[in-house]
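K.L.:
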Amino acid sequence: MRRAFLNSSLVMITINSSAYSGCEQEHGMNSRIAILDSAKTCILYFSPVFRRQQLLIRSLRGSIDHHQPHYRDMQAIRSIEVDSESIIRAITPVLDPTRHKGQAGNIAVIGGCREYTGAPYFAAISALKIGADLSHVFCTKDAAPVIKSYSPELIVHPVLEESYNVREEYKRSISNDVLAEVDKWMERFDCLVVGPGLGRDPFLLDCVSEIIRHARQSNIPIVIDGDGLFLVTNNLNLVSDYALAVLTPNVNEYKRLVQKVLSSEVNEVDAPQQLLSLAKQIGGVTILRKGNNDLISDGDTVKSVSVYGSSRRCGGQGDILSGSEFNV
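FYI, the numbering for the sequence shown is 14 to 341, going by the numbering used here.
Quick look at the structure:
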């Protein structure tokens, strides 16, 4: 089961898995992306950023430039917001008092090392805030106490290891132990988010590669973000032809993917067609290219999400997105 929430300050949209499957079978990718489009527009309308901007304009007795594209986007919000609410009502399952803990979603974030502890926290906690029942983080031993101290809601597993802490003769044994520990939990998870705060340690990436392969064997959806994208860009076979994989590259990560897969540079003039070719070339995956205008493609079609959002681009925003995506 997936859930959707609507309140006065924020709209987040999630999808019941059975309803989503039927919808996708009947309408395909267009239906899935239409929901994402409407959801993002709702988030804009109710976001604190939007309300603060309007308050500032009124306080300063200023005005909005009616010729700016952002204004035209905001003018259309009201009608789109109505459409989005009807979509949310149609896909939100009735609350069932017979359900128990875990049936509304169980997510695992694979990431977190000495240098990066915030990213896995943001990914894991955003899943809980949207509606997941349980959120796990599989990280290195150094990162575990820090991540755990951020929130008592997270289940933290200090099982990953980095090269500096592993002698060469023990690497195979420790790699097997890491995989066995993650495998004990694998069947419980509805989704893996691989990459937030992962780092690029060679031994750690080798272990995570095996985790991804086992997740594929279990048909578990995988969201690839951050250093997980560095990993799959250099090992495309990890996600190639896996329809349950979602890649969420930012500008630089997308550039590396295009150079690796298409052997070319990013083409902003024909960005939708290039994204379509990229997703098709990798085979079956869905790519959400983050930017001024977000583009989404599964290799068959492309959709754009171009409503006005925050102009600030700070660390952690992508991690929140990756943790939220398991619900969609």
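Every residue gets a Cβ at the ideal spot worked out from N, C-alpha and C, and that includes glycine.
#1: Over the uninterrupted alpha helix (DSSP H) stretch that includes LEU251, give me the two end residues.
#2: Where are the beta strand (DSSP E) runs, 3 residues long or more, that stay fully inside the region 163–226, in chain order?
#3: Using alpha carbons as the reference points, say which of SER335, GLY304, GLY331 and PRO285 lies closest to THR314.
#4: Quickly, what does DSSP pair ARG302 with across the bridge? List them, please.
#5: To test your reading of the DSSP string, which unbroken alpha helix (DSSP H) runs of 4 or more residues are found completely within the region 239–284?
#6: DSSP three-state label for LYS142, please.
#7: Could you check whether GLY297 and ALA136 sit closer than 9 Å to each other, using their CB atoms as the reference points?
#8: Which stretch, first to last residue, makes up the alpha helix (DSSP H) that contains ILE120?
#9: Closest to SER176 by C-alpha separation, out of ILE168, PRO209, ASP155 and SER164, would be which residue?
#10: Nearest by alpha-carbon distance to PRO158: which of PRO133, ILE224 and GLU181 is it?
#11: What does a CB cutoff of less than 8 Å around LEU217 pick up in its chain, not counting 5 residues either side in sequence?
#12: Could you tell me the distance, in whole angstroms, from the CA atom of TYR267 to the CA atom of THR111?
#13: Please confirm whether LEU260 and LEU275 have their CB atoms less than 9 Å apart.
#14: Mind checking who ILE233 pairs with in its DSSP beta bridge?
#15: Which residues bound the alpha helix (DSSP H) around SER335?
#16: For GLN272, decide whether its Cβ has a neighbour in chain B, counting only Cβ atoms nearer than 9 Å.
#17: Using 8 Å as the Cβ pair cut-off and three pairs as the minimum, do the region 159–166 and the region 180–191 touch?
#18: Count the other C-beta atoms from every protein chain shown that fall within 10 angstroms of the C-beta of ALA52, then say buried if there are 16 or more, exposed otherwise.
#19: Which residues share a DSSP beta bridge with VAL315?
#20: Given a threshold of 16 other Cβ atoms within 10 Å of its Cβ, counted over all protein chains shown, does PRO209 qualify as buried or as exposed?
#21: Which first and last residues belong to the beta strand (DSSP E) in which CYS152 is found?
#22: Output yes or no for whether 9 Å exceeds the beta carbon distance between VAL206 and VAL245.
#23: When you compare only the Cα positions, how much space is there between ILE295 and ALA256?
#24: Going by CA-CA distance only, name the one from PRO262, GLY124, GLU128 and CYS220 that's closest to HIS149.
#25: Would you kindly work out how many angstroms separate the C-alpha atoms of ARG201 and ASN247, rounded to a whole number?
#26: Please classify ALA258: is it buried, with 16 or more other beta-carbons within 10 angstroms of its beta-carbon, or exposed?
#27: Would ASP203 and ASN119 be called neighbours here (beta carbons separated by less than 9 Å)?
#28: To the nearest whole angstrom, what separates the beta carbons of ILE300 and SER310, a pair I think is in contact under 8 Å?
#29: Counting only the same chain and skipping the five closest in sequence on each side, list residues whose C-beta sits under 6 Å from that of GLU223.
#30: Would the beta-carbon of GLY328 fall within 9 Å of that of GLY131?
#31: What is the DSSP secondary structure of SER373, reduced to helix, strand or coil?
P.N.:
In short:
#1: The residue you call residue 251 lines up with position 238 of the sequence shown. Where LEU251 is concerned, there is no enclosing alpha helix (DSSP H), given that its DSSP letter is neither H nor E.
#2: 168–173 and 204–207
#3: As a working mapping, residue 314 is identified with position 301 in the sequence shown. Per the Cα distances, PRO285.
#4: One-based indexing of the sequence shown puts residue 302 at position 289. Answer by DSSP bridge pairing, in chain order: LEU308.
#5: 240–246 and 264–274
#6: Position 129 of the sequence shown, counted from the first residue, corresponds to residue 142. Note: LYS142 maps to helix in three-state DSSP.
#7: The sequence position of residue 136 within the sequence shown is 123, counting from 1. The sequence position of residue 297 within the sequence shown is 284, counting from 1. Cβ atoms of ALA136 and GLY297: not closer than 9 Å.
#8: In the sequence shown, residue 120 corresponds to position 107, counting from 1. From DSSP, ILE120 is part of no alpha helix (DSSP H) but of the beta strand (DSSP E) over 119–123.
#9: Counted from its first residue, the sequence shown places residue 176 at position 163. The shortest C-alpha separation from SER176 is found at ASP155.
#10: Taking the sequence shown and counting its residues from 1, one reaches residue 158 at position 145. The candidate whose alpha carbon is nearest that of PRO158 is PRO133.
#11: Counting from 1 along the sequence shown, the entry for residue 217 is found at position 204. Within the same chain, LEU217 has close Cβ partners CYS126, THR153, LEU173, GLU174, GLU175, SER176 and LEU211.
#12: For the purposes of this step, residue 267 is identified with residue 254 of the sequence shown, where counting begins at 1. For the purposes of this step, residue 111 is identified with residue 98 of the sequence shown, where counting begins at 1. Distance between the alpha carbons of TYR267 and THR111 is about 44 Å.
#13: Counting from 1 along the sequence shown, the entry for residue 260 is found at position 247. Counting from 1 along the sequence shown, the entry for residue 275 is found at position 262. Result no, Cβ atoms of LEU260 and LEU275 do not sit closer than 9 Å.
#14: What you label residue 233 is simply residue 220 of the sequence shown in a count that begins at 1. Bridge partners of ILE233: none, in fact.
#15: As a first step, residue 335 must be located in the sequence shown, where it is residue number 322. Where SER335 is concerned, the enclosing alpha helix (DSSP H) stretches over 330–337.
#16: Going by chain labels, chain B is absent from the structure shown, which holds only one protein chain.
#17: no
#18: In the sequence shown, residue 52 corresponds to position 39, counting from 1. Bear in mind that a pLDDT of 44 at ALA52, under 50, signals an unreliable position, so the number given afterwards is only what the model happens to contain. Result: buried.
#19: The residue you call residue 315 lines up with position 302 of the sequence shown. Paired residue(s): SER310.
#20: The residue you call residue 209 lines up with position 196 of the sequence shown. Under this definition PRO209 is a buried residue.
#21: By 1-based counting over the sequence shown, the position of residue 152 is 139. It spans 147–153 - the beta strand (DSSP E) in which CYS152 sits, taken as one unbroken run.
#22: In the sequence shown, residue 206 corresponds to position 193, counting from 1. In the sequence shown, residue 245 corresponds to position 232, counting from 1. Not in contact: VAL206 and VAL245 (Cβ atoms no closer than 9 Å).
#23: As a working mapping, residue 295 is identified with position 282 in the sequence shown. As a working mapping, residue 256 is identified with position 243 in the sequence shown. For ILE295 and ALA256, the distance between alpha carbons rounds to 10 Å.
#24: Looking up residue 149 in the sequence shown gives position 136. The option with the nearest alpha carbon to HIS149 is GLY124.
#25: Your numbering for residue 201 matches position 188 in the sequence shown. Your numbering for residue 247 matches position 234 in the sequence shown. Cα-Cα distance, rounded: 29 Å.
#26: Counted from its first residue, the sequence shown places residue 258 at position 245. Its Cβ being crowded by 16 or more others within 10 Å, ALA258 is buried.
#27: Residue numbering aside, residue 203 sits at position 190 when the sequence shown is read from its first letter. Residue numbering aside, residue 119 sits at position 106 when the sequence shown is read from its first letter. Yes.
#28: Along the sequence shown, read from residue 1 onward, the residue named residue 300 stands at position 287. Along the sequence shown, read from residue 1 onward, the residue named residue 310 stands at position 297. Yes, they are in contact, since the Cβ atoms of ILE300 and SER310 sit about 6 Å apart, within 8 Å.
#29: Your numbering for residue 223 matches position 210 in the sequence shown. LEU192.
#30: On the sequence shown, residue 328 is found 315 positions in, with the first residue counted as 1. On the sequence shown, residue 131 is found 118 positions in, with the first residue counted as 1. It is a contact, given that the beta carbons lie within the stated cut-off.
#31: Here the chain has residues from 14 to 341 only, and residue 373 is not among them.
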